[in-house]
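**Student:**
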Amino acid sequence: MGPQHPSTHGVLRLMVKLDGETVTWCEPDIGYLHRCFEKLSEFKTYPQVIPFTDRTDYLAALLNEQAFVEATEKLFGDAIVVPERALYIRVLVAELQRIASHLMALGSNALDLGAVTPFLYCWRDREKMYSLFERITGGRLLYNYFRIGGLRNDLPEGIIGTPNDGEDKADKTIWGFINYFDSYVWPQWDALVTGNRIFQWRTQGVGVLTPENAVAYSTSGAVIRGSGIKWDLRKNLPYSIYDRFEFDIPVGKNGDCFDRWWVRQEEMRQSSRIVKQALAWLSENPGEVMGKVPRVLKPPKGEVYHRIEGARGEVSCYVISDGSPNPYKVKWRSPAFTHLQVVPHLTPGHKIADVIAILGSIDIVLGEVDR
Amino acid sequence: MAELWNSIPPTIQVWLLGFGKGTLILLWGLVNFFVALMLERKISAWMQNRVGPWRAGLHGWIQPLADLLKLFVKEYIEPRNVDKWLFVVAPFIAYLSANLIWLIVPFAPGAVATNMDIGIIFIAAITGYDVIAIFMSGWGSNNKYSLLGAMRGAAQMISYEVTLVMSIIGVVMMAGSLRLSDIVLAQQERGLFGWFLFPQIIGFVVYLIASLAELNRAPFDLAEAESELVSGYHTEYSGFRWAVFALTEYIHLAGWSAIAATLFLGGWSGPTLGQIASGLGNIINGFGYFTNGVGTAVGDWGLMMMGSTVWNWIFGFMWFCLKTYLFVFLAMWIRWTLPRVRIDQLMDLGWKFLLPVSLGNIFLTSVLRYIALANDGLPLTIGTYTIRLLGWWL
Amino acid sequence: MGVTSFFGEAWRAGKSFITGLNITFREMAFRPAITVFYPDVYDDVPAWFRGIPLQKTDLLTGEYKCTSCGMCVEACPVNVITLEWHQDPVTKKKVADRYAIDMSRCMLCNYCIEACPFDSLVMGYDYELCKVDPENLVFEFEDLLRLGLKYSSAEQAGPKAKKNATPPWVFHELTGATEEDIQDVKGYLGRAPLGKGYAPELKPQFQKKEEAQPAAAPSEAKAPAAPAVTKNTPTQTPPVNANPANVSAEAGPAKPLTAKASETSGQEATEVRPDQIVNTETGTKDGEEDKKS
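Here the protein sequences come in this chain order: A, B and C. For the first sequence, numbering that gives the first Met the number 0 begins at 0 and goes up steadily by one. For the second sequence, numbering that gives the first Met the number 0 begins at 0 and goes up steadily by one. For the third sequence, numbering that gives the first Met the number 0 begins at 0 and goes up steadily by one.
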């Protein structure tokens with residue numbers, strides 16, 4: 000199943016051996032989107048790497064920036080203090096990005112299974128988020144917003160809105176969007192796709208990943224939570240200020256495609272809870288968003304491995320600094336690359352149609368897989 | 000004119016009539032294609048918060064014309080190593096079968112192309128052509144994806160043919176005849192809410208699902224849309240030949256919808272111009288003495304018009320079109336809402352669920368009718384009264 | 000599978016389908032389409048939108064603000080900014096020979112705007128930038144100035160204006176720039192700039208020895224690359240054709256990243272990293288000692 004894939008996951012080639020309709024062997028062939036991100040970062044200064052991290056997982060760009068920026072800030076240790084308002088805004092936009100990324104995952108998964116309309120609903124709502132991000136950062140899909148030591152700019156005036164904002168303000172204020180999301184979008188997804196019996200027939204019992212295998216394959220994110228293991232880096236290894244927020248971790252039961260879908264859907268709801276809490280804090284606490292940083296960023300010699308809970312799983316960044324303005328090495332661990340290993344394990348024994356369902360539920364983005 | 004017609008020998012008359020009807024049906028097929036494709040694109044767009052085609056004249060409403068013209072002049076690529084005869088002929092066989100359905104459909108009182116005795120069974124026979132056409136195109140394309148798609152499609156269509164015919168038998172039992180025009184007349188005689196939709200609701204649902212499966216549409220379009228990443232059995236077709244496949248799909252859809260309208264929704268029966276006018280006249284009369292002049296005039300005109308064959312035809316045709324497109328809309332609505340089923344689930348659904356349900360429907364219908372007819376004339380008790388009510392209804 | 004599960008399954012399935020159908024019907028009938036009928040209707044562009052980077056002009060004096068310091072070149076992650084300069088022997092200031100941005104590679108990351116100490120660069124709102132040839136997407140300095148007039152202001156700004164605290168540009172409606180200013184009625188862009196050193200003509204030592212390539216080539220290269228004009232002029236090629244003696248580092252299209260050091264006349268053949276700024280006169284690269292002095 001060649002690099003031109005029916006779903007929007009990217010350029011992936013899946014080699015599949017069939018016996019009639021049943022798959023006997025499957026192997027993904029990647030590398031079609033390799034852009035030498037890690038090697039390239041050795042020639043850039045630390046701030047210059049940030050726009051490139053955007054482009055790995057382009058559906059949830061700010062989460063990647065968070066990984067790299069926080070890793071570099073860890074290298075600096077106490078020399079750089081990130082203002083609190085910047086930390087809250089980082090969490091706010093990261094959770095909004097998580098909602099956007101999950102919408103895309105759900106939409107493209109539904110498209111793979113034949114339901115075209117939910118895919119367009121996903122875009123209707125992602126467009127509203129694009130407008131919001133455009134107002135905040137200037138970019139729609141790729142942002143270059145985080146800086147080492149804070150953010151590029153504070154939230155513009157009026158973007159937060161009031162808790163009473165309705166759908167008409169959904170692309171202008173964040174409260175408007177969150178209210179619209181909670182009251183209209185999420186129930187619509189639940190009723191239209193998740194509750195649909197045909198969808199359940201297609202996804203329940205398909206691609207069952209046992210908890211032991213989930214751990215053995217180093218999966219993370221929705222994949223491991225779908226298999227019943229309650230592992231979320233925001234709670235288990237808290238980074239940034241996630242320990243100040245109140246939210247739950249949804250966990251699946253059977254590890255099939257339906258559970259992974261359901262986990263993503265519930266995570267969107269939890270993310271919106273976090274957003275509301277962040278908005279409440281931000282509307283009351285003005286302040287700086289950029290800490291004091293030296294003109295030329297030269298982190299002290301050292302290495303750091305920083306992990307965050309990205310949209311698709313654990314995004315982590317291993318940065319080695321040799322004291323110069325350019326990093327010595329930036330290693331990017333992407334969840335989609337790791338999850339792609341699970342596909343050859345899950346697909347044999349299923350039908351061709353299930354291969355696509357499984358691939359969609361693993362939720363890969365080739366930008367992340369190939370870097 | 001009449002002398003000219005009578006002077007032609009009868010065999011030539013039959014041939015001329017045949018050609019005329021055939022041409023009309025082909026043209027009607029094109030019209031249906033136009034309307035159905037337009038509806039499909041616009042309805043799917045509205046359901047997805049979009050506007051669909053917009054720029055191709057009149058806010059996009061003549062888009063299918065543009066598409067058809069483009070496809071006619073487009074170059075068609077024929078891959079090497081295809082089985083030439085199969086590859087080339089397959090679309091036309093499918094097109095043929097789609098148009099043949101329209102032969103027996105009654106458009107208006109007395110307006111049927113061929114009023115066959117066997118009526119419905121003719122359609123059951125024609126669906127075989129579709130299967131052959133799909134298989135020919137899949138095999139002839141010399142492409143393993145097409146072949147897989149065609150095999151799935153053929154299996155699907157054969158399974159659901161049985162169920163389709165079973166679901167129709169309930170209606171046939173109630174109407175007492177296989178002839179489609181008789182079925183419409185039976186519904187007309189039953190009066191208001193006399194459509195077979197109500198007593199045969201189970202049959203209608205089964206028919207809906209089975210016809211969607213026959214059409215390779217809606218939740219059952221495995222043969223066409225999914226099939227790995229290509230379009231299944233019509234992957235290798237381009238240009239005019241693909242246009243013929245597209246024509247087939249929408250004419251087929253409209254054809255099955257017309258059958259549904261005839262069997263379940265009452266076909267062309269509906270208030271004609273005369274009836275509407277006379278009813279209106281009565282309503283106007285009811286407003287008081289001062290409207291009596293107008294009311295009586297309208298009512299009388301209505302009574303006069305009731306006998307007019309031409310107006311009856313026009314109104315009958317209008318009701319027929321409305322009902323057909325109601326069903327088409329239903330099919331499209333379902334398509335854009337539900338995800339696809341898998342092939343084994345589809346076969347399960349067809350054989351293990353729909354077939355028993357349709358057989359159950361036949362059983363139920365026959366039992367209730369028998370009891371109702373058998374109890375006609377017995378003393379009224381609550382039980383027999385209920386049964387007679389059911390019997391009247393049935 | 001018993002009889003109850005048979006009907007139970009059917010009931011559940013039917014209920015879920017009816018719910019789904021209800022949702023799509025309501026979407027169709029009661030909610031309007033969200034299509035924006037571009038290009039008849041343009042969607043709002045928010046104030047902080049990042050379009051292509053452009054150069055501002057000080058509308059009070061008619062001067063542009065760029066001093067060829069080269070910070071933007073260093074800051075750019077994808078090396079799309081080309082800056083060639085030499086040192087003016089009299090004033091000892093940097094004089095730019097050529098400043099160009101290759102918009103086909105620019106990823107609109109905004110670093111050049113943030114790096115500029117003189118508040119000279121600005122992110123525009125233009126996003127309709129289609130050209131027929133990629134060479135036309137190399138915007139030379141005049142084009143950048145022309146398109147940047149909309150964002151220029153008539154305020155008294157010092158040479159080292161601070162930014163990053165507010166959106167780094169001001170829309171002209173707020174600046175007091177008049178339509179005349181924006182249409183460049185006073186000819187700010189046409190006349191020779193006062194003392195900034197940007198000279199459209201090539202210095203004689205960099206012109207080709209054959210007289211076929213005089214300064215006409217670069218000045219023709221200043222043909223507008225504004226979006227309204229799509230004609231591809233053959234001189235809109237990377238200056239490697241106009242300046243064979245050029246050792247500058249640039250990231251223009253169809254240009255290998257290795258140095259043109261072999262084409263220098265009288266310069267050392269050294270590797271030039273693409274993001275380095277090269278002094279065209281002395282041949283030194285940024286960061287190195289000036290060998291001549």
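Just so you know, even glycine gets a beta-carbon here, dropped at the ideal spot from N, CA and C.
Can you give me the Cβ contacts of leucine 232 of chain A inside the same chain, cut-off strictly under 8 angstroms, excluding the 5 residues immediately before and after it?
**Tutor:** The answer, listed in chain order, is Ser219, Tyr238, Arg306, Ile307, Glu308 and Glu313.
**Student:** Starting from threonine 21 of chain A, trace the alpha helix (DSSP H) both ways and give me its first and last residue.
**Tutor:** Here threonine 21 of chain A belongs to no alpha helix (DSSP H); instead the beta strand (DSSP E) covers 21 to 28.
**Student:** Taking the alpha helix (DSSP H) that glycine 298 of chain B belongs to, which residues open and close that run?
**Tutor:** Per DSSP, glycine 298 of chain B belongs to the alpha helix (DSSP H) from 291 to 304.
**Student:** Using the C-alpha atoms, what's the distance from arginine 49 of chain C back to cysteine 105 of chain C?
**Tutor:** In a straight line, the C-alpha of cysteine 105 of chain C is about 11 angstroms away from that of arginine 49 of chain C.
**Student:** Can you tell me the Cα-Cα spacing of proline 233 of chain C and valine 79 of chain C, whole angstroms?
**Tutor:** With a pLDDT of only 33 at proline 233 of chain C, under the threshold of 50, the placement of this residue in the model should not be trusted; the figure read from the coordinates follows. So the two alpha carbons sit approximately 21 angstroms from each other.
**Student:** Please classify tryptophan 10 of chain C: is it buried, with 16 or more other beta-carbons within 10 angstroms of its beta-carbon, or exposed?
**Tutor:** The residue in question, tryptophan 10 of chain C, is exposed, as its Cβ has fewer than 16 Cβ neighbours within 10 Å.
**Student:** What residue range does the beta strand (DSSP E) around methionine 289 of chain A cover?
**Tutor:** From DSSP, methionine 289 of chain A is part of no beta strand (DSSP E); its letter is neither H nor E.
**Student:** Check whether the Cβ of alanine 95 of chain C lies closer than 8 angstroms to any Cβ atom in chain A.
**Tutor:** No, because no Cβ of chain A sits closer than 8 angstroms to the Cβ of alanine 95 of chain C.
**Student:** Quick one: Cα of alanine 276 of chain B to Cα of glycine 285 of chain B, how far?
**Tutor:** Whole-angstrom Cα-Cα distance: 14 angstroms.
**Student:** Decide if the stretch 71 to 89 of chain A is in contact with the stretch 155 to 175 of chain A; the criterion is three or more beta carbon pairs, one per stretch, under 8 angstroms apart.
**Tutor:** Not touching, per the Cβ criterion.
**Student:** By Cβ distance below 8 angstroms, which residues in the same chain neighbour leucine 15 of chain B in space, the five residues on each side in sequence not counted?
**Tutor:** Excluding residues within five positions, the ones whose Cβ falls inside 8 angstroms are Ile7.
**Student:** Mind pulling the chain A residues with CB within less than 8 angstroms of glutamine 186 of chain B?
**Tutor:** Neighbours of glutamine 186 of chain B on chain A: none; closest Cβ ~33 angstroms, over 8 angstroms.
**Student:** How big is the Cα-Cα spacing for glycine 286 of chain A and proline 82 of chain A?
**Tutor:** About 8 angstroms.
**Student:** Assign alanine 330 of chain B to buried or exposed, taking buried as 16 or more other Cβ atoms, counted over all protein chains shown, within 10 Å of its Cβ.
**Tutor:** Per the 10 Å Cβ criterion, buried.
**Student:** State buried or exposed for tyrosine 120 of chain A, treating a residue as buried only when at least 16 other CB atoms are found within 10 Å of its CB.
**Tutor:** Looking at its Cβ environment, which holds 16 or more other Cβ atoms inside 10 Å, tyrosine 120 of chain A is buried.
**Student:** Using a Cβ-Cβ distance cut-off of 8 angstroms, determine whether isoleucine 197 of chain A contacts chain B.
**Tutor:** Yes, isoleucine 197 of chain A counts as interfacial toward chain B.
**Student:** Nearest to glutamate 283 of chain A by alpha carbon, out of A/Lys234, A/Thr161, A/Lys252 and A/Gly19?
**Tutor:** Among A/Lys234, A/Thr161, A/Lys252 and A/Gly19, the Cα nearest to that of glutamate 283 of chain A belongs to A/Thr161.
**Student:** Quick test of your reading: tyrosine 144 of chain B and threonine 234 of chain B, contact by CB under 8 angstroms. State the CB separation rounded to the nearest angstrom.
**Tutor:** Their Cβ separation, rounded to whole angstroms, is 6 angstroms, which keeps tyrosine 144 of chain B and threonine 234 of chain B in contact under 8 angstroms.
**Student:** Is the beta carbon of alanine 104 of chain A within less than 7 angstroms of some heavy atom of the ligand FAD?
**Tutor:** Among the ligands in the structure shown, none appear at all, so the ligand FAD cannot be discussed.
**Student:** Name, in chain order, the residues that DSSP records as bridge partners for arginine 306 of chain A.
**Tutor:** Per DSSP, A/Ser315.
**Student:** Whole angstroms is fine: what's the gap from leucine 236 of chain A's alpha carbon to tyrosine 304 of chain A's?
**Tutor:** Their Cα atoms are separated by approximately 13 angstroms.
**Student:** Should glycine 152 of chain B and alanine 222 of chain B be called a contact, given that it needs their Cβ atoms to be closer than 8 angstroms?
**Tutor:** Yes, the pair counts as a contact, with Cβ atoms nearer than the cut-off.
**Student:** List, in chain order, every chain C residue whose beta-carbon is nearer than 8 angstroms to that of arginine 49 of chain B.
**Tutor:** Near arginine 49 of chain B (Cβ distances below 8 angstroms), the residues of chain C are Ala32, Ile33 and Thr34.
**Student:** Is it right to say valine 356 of chain B is buried, meaning 16 or more other beta carbons lie within 10 angstroms of its own, or is it exposed?
**Tutor:** So valine 356 of chain B counts as buried.
**Student:** From the DSSP output, which residues share a beta bridge with leucine 13 of chain A?
**Tutor:** Answer by DSSP bridge pairing, in chain order: A/Pro27.
**Student:** Assign arginine 243 of chain A to one of three DSSP states: helix, strand, or coil.
**Tutor:** Correct three-state label for arginine 243 of chain A: helix.
**Student:** Closer than 8 angstroms, Cβ to any Cβ of chain B: which residues of the stretch 99 to 128 of chain A, in chain order?
**Tutor:** Taking 8 angstroms as the Cβ-Cβ cut-off against chain B, the residues of the stretch 99 to 128 of chain A that qualify are Ala109, Leu112, Gly113, Ala114, Val115, Thr116, Leu119, Tyr120 and Arg123.
**Student:** Quick one: which chain B residues come within Cβ less than 9 angstroms of phenylalanine 24 of chain C?
**Tutor:** Within chain B, the residues near phenylalanine 24 of chain C are Met46, Trp332 and Thr336.
**Student:** Note down, in chain order, every chain A residue with its Cβ under 7 angstroms from the Cβ of methionine 106 of chain C.
**Tutor:** Pro50, listed in chain order.
**Student:** Check whether the Cβ atoms of serine 176 of chain B and proline 105 of chain B lie closer than 8 angstroms to each other.
**Tutor:** Taking 8 angstroms as the Cβ cut-off, serine 176 of chain B and proline 105 of chain B do not qualify as a contacting pair.
**Student:** Do serine 100 of chain A and alanine 66 of chain A have their C-beta atoms within less than 8 angstroms of each other?
**Tutor:** Not in contact: serine 100 of chain A and alanine 66 of chain A (Cβ atoms no closer than 8 angstroms).
**Student:** Does the count of Cβ pairs from the stretch 55 to 65 of chain B and the stretch 122 to 135 of chain A closer than 8 angstroms reach three?
**Tutor:** Contact fails: fewer than three Cβ-Cβ distances are below 8 angstroms.
**Student:** Does the structure place the stretch 49 to 56 of chain B close enough to the stretch 263 to 271 of chain B that three or more beta carbon pairs sit under 8 angstroms?
**Tutor:** Flag = no, the stretch 263 to 271 of chain B and the stretch 49 to 56 of chain B do not touch.
**Student:** Looking at the structure shown, is leucine 358 of chain A part of a helix, part of a strand, or coil, going by DSSP?
**Tutor:** Helix at leucine 358 of chain A.
**Student:** Would the stretch 38 to 56 of chain A and the stretch 65 to 83 of chain C be scored as touching if the rule is three or more Cβ pairs under 8 angstroms?
**Tutor:** Contact holds: three or more Cβ-Cβ distances are below 8 angstroms.
**Student:** Out of B/Leu345, B/Leu99 and B/Ala107, state which residue places its alpha-carbon closest to the alpha-carbon of isoleucine 125 of chain B.
**Tutor:** Checking every option, the nearest Cα to that of isoleucine 125 of chain B belongs to B/Leu99.
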